[in-house]
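The opening residue of the sequence shown carries number 135 in the numbering used here; numbering runs sequentially from there. Heads up, the thing below is written out as C-alpha cells.
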Amino acid sequence: MRIAKYLAGAGIASRRESEKLVLEGRIKVNGKIVNNLALQISPNDRILFDDNPVPKIQKPRIWKYYKPVGLITSTHDEKNRPTVFSNLPPNLPKVISVGRLDINSEGLLLLTNNGDLKRFLELPANGFERTYRVRILGKPTEKRLEPLTKGLTIGKDV
135 MRIAKYLAGA GIASRRESEK LVLEGRIKVN GKIVNNLALQ ISPNDRILFD DNPVPKIQKP
195 RIWKYYKPVG LITSTHDEKN RPTVFSNLPP NLPKVISVGR LDINSEGLLL LTNNGDLKRF
255 LELPANGFER TYRVRILGKP TEKRLEPLTK GLTIGKDV
C-alpha cells in the first residue's frame, strides 16, 4: 500500500493531506525521510510522523451515532457551529461519516474508520436503501402526501 493511503488509514490525515505531509518531509520510514508518494509500505516498516510513531492500521469498523438536531455533519464549520465530530467521545479513534444529515435533521448516522468502506456504503450502485421519516407542519392535502407514501427518489442517483 502507498505511504499516503497508509497514513490516512492510520488516522493521521486524509489521503490528500497525507501526501502533503510526505512532500513536506515530515514522514520517516525506517529512519529515513520520505518524499516519494509512490513508496510502498510493508507491515514491518517503522513509520514516524514528526518523529512520533504512526499506529498500525485498524481493521475497518462501523459505529452508529444518534445525530441530534443542531449539529453539522462536517469536521469543520466556518460559522463555528458545533459538529458531530466535536461531540464524539474522546476515546474514539479518528472516524468519518457515511453520508450526512442536515443541521435540522436527527437520526442514525454511521461512522467508520475506513474511507473505502465509507465510499462503498455511500455509492447508490451498491443498493443500500435509506429510510427517512418526515414530519409535516400544517395540514397537507392528500395530493401533496401521495408522493411521500409511494417513496421518493431524490436526485438521479439517490
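Each residue gets a CB set at the ideal place from its N, CA and C atoms; glycine is no exception.
Report the option in the options whose CA atom is closest to the CA atom of residue i.
i: residue 230; options: 239, 216, 193, 208; result: 208
i: residue 255; options: 196, 175, 159; result: 196
i: residue 286; options: 185, 271, 266; result: 266
i: residue 139; options: 212, 237, 203, 248; result: 248
i: residue 192; options: 217, 282, 177; result: 177
i: residue 237; options: 258, 201, 212; result: 201
i: residue 234; options: 245, 225, 226; result: 245
i: residue 157; options: 147, 164, 170, 148; result: 170
i: residue 268; options: 260, 214, 146, 283; result: 283
i: residue 135; options: 179, 273, 155; result: 179
How long is the line joining the alpha carbons of residue i and residue j, rounded to whole angstroms?
i: residue 275; j: residue 242; result: 29 Å
i: residue 280; j: residue 270; result: 13 Å
i: residue 173; j: residue 203; result: 44 Å
i: residue 167; j: residue 185; result: 10 Å
i: residue 211; j: residue 137; result: 29 Å
i: residue 181; j: residue 164; result: 6 Å
i: residue 194; j: residue 250; result: 9 Å
i: residue 190; j: residue 146; result: 11 Å
Can you tell me which of the three DSSP states residue i falls into?
i: residue 149; result: helix
i: residue 176; result: coil
i: residue 123; result: A question about residue 123 goes unanswered here, because the residues of the chain that appear run from 135 up to 292.
i: residue 228; result: coil
i: residue 249; result: helix
i: residue 241; result: strand
i: residue 200; result: strand
i: residue 189; result: coil
Do residue i and residue j have their C-beta atoms closer together than 8 Å?
i: residue 144; j: residue 188; result: yes
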